[in-house]
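Participant:
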Ligand code: AMP
Ligand code: MG
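Numbering (the working numbering), first residue to last: 44 to 395.
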């Protein structure tokens, strides 16, 4: 099943199957701008690549191979993944993992304090509990949540970056990289493009969008910010960006429905229940997609004021936070590249 996500490429065509278009006359004739635009399904989401360049097909393929490898390393569900190996060894000892997995675990650790407990990859036992209950169309009991929450503590995840080792201190602990791995994959894709001399591309892993360079005509990329709960592709704003990642977390993206009530997929590690802040979505814009992935999830959990406070403490990070009261707050740095699309209707826009 394809997931619905918060960001889409403005005026993007959804293209099935292999597409290799040779641009003809739209852009400078001197440039060799071969466009490939294709979608695949990895890491439980749609992966869209739109790449310009004489070697765009090769770049597309290289990124795909890499994303496949990352999925194999970081999947919670694959028995042979690094994540499963680490989880199986919880409370039993240290395991050697690939450098890539260590990079992701280490980045999560680096943001432990900044995120004030709102982002915690050891949340997995709770996610698992909600997932199992969801399958039975029920919600977990308070006692079960409290008991399971005892396993959640990112301080007991130890990461040795020098020797590429990691451990979880207590049996029953599990990590889930669902809130960070797509960001990492987007960063790696962009590294591959750069290494191949690609100057103009977009990679979108189900909402973790990274815009490389400008469009071939020299104008910035335009990315729509999804209107929460509206049909996919309806946006409340557009951003014009160059060399930036744009990552959104929202409660409307994935959820289970029990007795007519939605229980969404972003958990507040402090309570063990789906985050119940005053936000409908949190979008983070910066130059590192893994960081943006962490911060968007954390900001969503923390709510408007605390979320903005956290964003304000990290260098070179901008944000768009949409509240349940239909207010859109943007950080100052977005003033010139943000364009509202719903002004005068349901949403009100503010600079925070
Ligand atoms: P995102 O869509 O990036 O906000 O991440 C949501 C995914 O991250 C969920 O599907 C879970 O796999 C995982 N997750 C949920 N809540 C948290 C949390 N508070 N901290 C870290 N990961 C989380
Ligand atoms: Mg995230």
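Beta carbons are placed, not taken as given, at the ideal position from N, Cα and C, and that holds for glycine.
Given residue 214, which residues of its chain have a CB within under 8 angstroms of its CB, disregarding the five upstream and five downstream residues?
Facilitator: If you number the chain shown from 1, residue 214 lands on position 171. Counting only Cβ-Cβ distances below 8 angstroms, and skipping sequence neighbours, we find 133, 134, 135.
Participant: My parser needs the alpha helix (DSSP H) runs of 4 or more residues fully inside the stretch 308-353; what are they?
Facilitator: 332-345
Participant: In the DSSP assignment, the alpha helix (DSSP H) including residue 100 goes from what residue to what residue?
Facilitator: Against the chain shown, residue 100 aligns to sequence position 57. Looking at the DSSP string, the run of the alpha helix (DSSP H) that includes residue 100 is 99-117.
Participant: Could you name each continuous alpha helix (DSSP H) segment of 4 residues or more that falls completely within the stretch 239-274, going from the start of the chain to the end?
Facilitator: none
Participant: Count the other CB atoms within 10 Å of the CB of residue 280; is the residue buried (16 or more) or exposed (fewer)?
Facilitator: Position 237 of the chain shown holds residue 280. So residue 280 counts as buried.
Participant: Tell me whether residue 278 counts as near ligand 2, meaning its Cβ is closer than 7 angstroms to at least one heavy atom of that ligand.
Facilitator: Here residue 278 refers to the residue found at position 235 of the chain shown. No, since every heavy atom of ligand 2 falls outside the 7 angstroms radius drawn around the Cβ of residue 278.
Participant: Taking the alpha-carbon of residue 140 as reference, which of 153, 126, 367, 152 has the nearest alpha-carbon?
Facilitator: Start at 1 with the first residue of the chain shown, and residue 140 comes out as number 97. The residue with the shortest Cα to Cα distance from residue 140 is 126.
Participant: Mapping DSSP to helix, strand and coil, what is residue 358?
Facilitator: On the chain shown, residue 358 is found 315 positions in, with the first residue counted as 1. Residue 358 falls in the coil class under three-state DSSP.
Participant: Identify, in the order they occur along the chain, each residue of the same chain with its Cβ nearer than 8 angstroms to the Cβ of residue 181, setting aside the five sequence neighbours on each side.
Facilitator: To locate residue 181, count along the chain shown from 1; it is residue 138. Within the same chain, Cβ atoms closer than 8 angstroms to the Cβ of residue 181 are found at 301, the five residues on either side in sequence being excluded.
Participant: Residues near ligand 2, CB to any non-hydrogen atom under 7 angstroms, in chain order?
Facilitator: Here the residues come out as 222, 223, 226, 290, 292, 336, 337, 339, 340.
Participant: With the cut-off set at 8 angstroms, would you say residue 236 and residue 94 are in Cβ contact?
Facilitator: The count along the chain shown starts at 1 and reaches residue 236 at position 193. The count along the chain shown starts at 1 and reaches residue 94 at position 51. Taking 8 angstroms as the Cβ cut-off, residue 236 and residue 94 qualify as a contacting pair.
Participant: How many Å lie between residue 86 and residue 242 at the Cα?
Facilitator: Start at 1 with the first residue of the chain shown, and residue 86 comes out as number 43. Start at 1 with the first residue of the chain shown, and residue 242 comes out as number 199. Spanning the two alpha carbons is a distance of roughly 26 angstroms.
Participant: From the DSSP output, which residues share a beta bridge with residue 227?
Facilitator: Locating residue 227 in the chain shown gives position 184, counting from the first residue. Per DSSP, none; premise fails for residue 227.
Participant: Check whether the Cβ atoms of residue 346 and residue 324 sit closer than 8 angstroms, and answer yes or no.
Facilitator: Position 303 of the chain shown, counted from the start, is the residue given in the question as residue 346. Position 281 of the chain shown, counted from the start, is the residue given in the question as residue 324. No. Outside cutoff.
Participant: So what's residue 92 in DSSP terms, helix, strand or just coil?
Facilitator: As a working mapping, residue 92 is identified with position 49 in the chain shown. In the structure shown, the three-state DSSP call for residue 92 is strand.
Participant: Determine the direct distance from the alpha carbon of residue 99 to that of residue 66, and round the result to whole angstroms.
Facilitator: Looking up residue 66 in the chain shown gives position 23. Looking up residue 99 in the chain shown gives position 56. Its pLDDT being 34, under 50, residue 66 is placed unreliably by the model, and nothing is read from it.
Participant: So is residue 379 buried or exposed if we call it buried at 16+ other beta carbons inside 10 Å?
Facilitator: The residue you call residue 379 lines up with position 336 of the chain shown. By the neighbour-count rule (16 or more Cβ atoms within 10 Å), residue 379 is not buried but exposed.
Participant: Quick one: give me the first and last residue of the alpha helix (DSSP H) that residue 278 is part of.
Facilitator: Residue mapping note: residue 278 aligns to position 235 of the chain shown, counting from 1. Here residue 278 belongs to no alpha helix (DSSP H); instead the beta strand (DSSP E) covers 278-284.
Participant: The alpha helix (DSSP H) that contains residue 145, what's its start and end?
Facilitator: For the purposes of this step, residue 145 is taken as residue 102 along the chain shown, with counting starting at 1. Residues 142-153.
Participant: Using the Cα positions of residue 177 and residue 102, report the straight-line distance between them to the nearest angstrom.
Facilitator: In the chain shown, residue 177 corresponds to position 134, counting from 1. In the chain shown, residue 102 corresponds to position 59, counting from 1. C-alpha separation (whole angstroms): 39 angstroms.
Participant: With 16 as the cutoff for other CB atoms within 10 Å, does residue 122 come out buried or exposed?
Facilitator: If you number the chain shown from 1, residue 122 lands on position 79. Looking at its Cβ environment, which holds fewer than 16 other Cβ atoms inside 10 Å, residue 122 is exposed.
Participant: What's the C-alpha gap between residue 197 and residue 359?
Facilitator: Residue 197 sits at position 154 when you count from the first residue of the chain shown. Residue 359 sits at position 316 when you count from the first residue of the chain shown. The alpha-carbon atoms of residue 197 and residue 359 are separated by roughly 25 angstroms.
Participant: Counting Cβ pairs, one atom from each stretch, are 3 or more of them under 8 angstroms apart for the stretch 189-196 and the stretch 107-119?
Facilitator: no
Participant: Please determine whether the Cβ atom of residue 161 lies at a distance below 7 angstroms from any heavy atom of ligand 1.
Facilitator: As a working note, residue 161 is residue 118 in the chain shown. At a threshold of 7 angstroms, residue 161 counts as near ligand 1, since its beta carbon sits closer than that to one of the ligand's heavy atoms.
Participant: Could you check if residue 120 is buried or exposed, using at least 16 other CB atoms within 10 Å of its CB as the buried criterion?
Facilitator: Locating residue 120 in the chain shown gives position 77, counting from the first residue. Exposed: under 16 other Cβ atoms inside 10 Å.
Participant: With 16 as the cutoff for other CB atoms within 10 Å, does residue 81 come out buried or exposed?
Facilitator: Locating residue 81 in the chain shown gives position 38, counting from the first residue. With a 10 Å radius around the Cβ and a threshold of 16 neighbouring Cβ atoms, residue 81 comes out buried.
Participant: Opposite residue 237 in the DSSP bridges: which residues?
Facilitator: Mapped onto the chain shown, residue 237 falls at position 194. None, per the DSSP bridge assignment.
Participant: Using 10 angstroms around the beta-carbon of residue 108, count the other beta-carbons present and answer buried if the total reaches 16, otherwise exposed.
Facilitator: Taking the chain shown and counting its residues from 1, one reaches residue 108 at position 65. Per the 10 Å Cβ criterion, exposed.
Participant: Under 8 angstroms, do residue 335 and residue 290 count as touching if we go by C-beta distance?
Facilitator: Here residue 335 refers to the residue found at position 292 of the chain shown. Here residue 290 refers to the residue found at position 247 of the chain shown. Contact annotation: residue 335 and residue 290 have beta-carbon atoms nearer than 8 angstroms.
Participant: Given a threshold of 16 other Cβ atoms within 10 Å of its Cβ, counted over all protein chains shown, does residue 353 qualify as buried or as exposed?
Facilitator: The residue you call residue 353 lines up with position 310 of the chain shown. Buried, by the Cβ-count rule.
Participant: Report back the beta-carbon spacing between residue 222 and residue 162 to the nearest angstrom; my notes put them in contact at under 8 angstroms.
Facilitator: The residue given as residue 222 occupies position 179 in the chain shown. The residue given as residue 162 occupies position 119 in the chain shown. The pair is a contact, with the Cβ atoms about 7 angstroms apart (cut-off 8 angstroms).
Participant: Please state whether DSSP places residue 165 in a helix, a strand or coil.
Facilitator: Mapped onto the chain shown, residue 165 falls at position 122. Here DSSP, grouped into helix, strand and coil, assigns residue 165 to helix.
Participant: Where do the ends of the alpha helix (DSSP H) carrying residue 131 lie?
Facilitator: By 1-based counting over the chain shown, the position of residue 131 is 88. First-last of the alpha helix (DSSP H) with residue 131: 125-131.
Participant: Could you check how far apart the C-beta atoms of residue 364 and residue 372 are, in whole angstroms? I think they sit under 8 angstroms.
Facilitator: Start at 1 with the first residue of the chain shown, and residue 364 comes out as number 321. Start at 1 with the first residue of the chain shown, and residue 372 comes out as number 329. Sure, about 5 angstroms apart at Cβ, within 8 angstroms.
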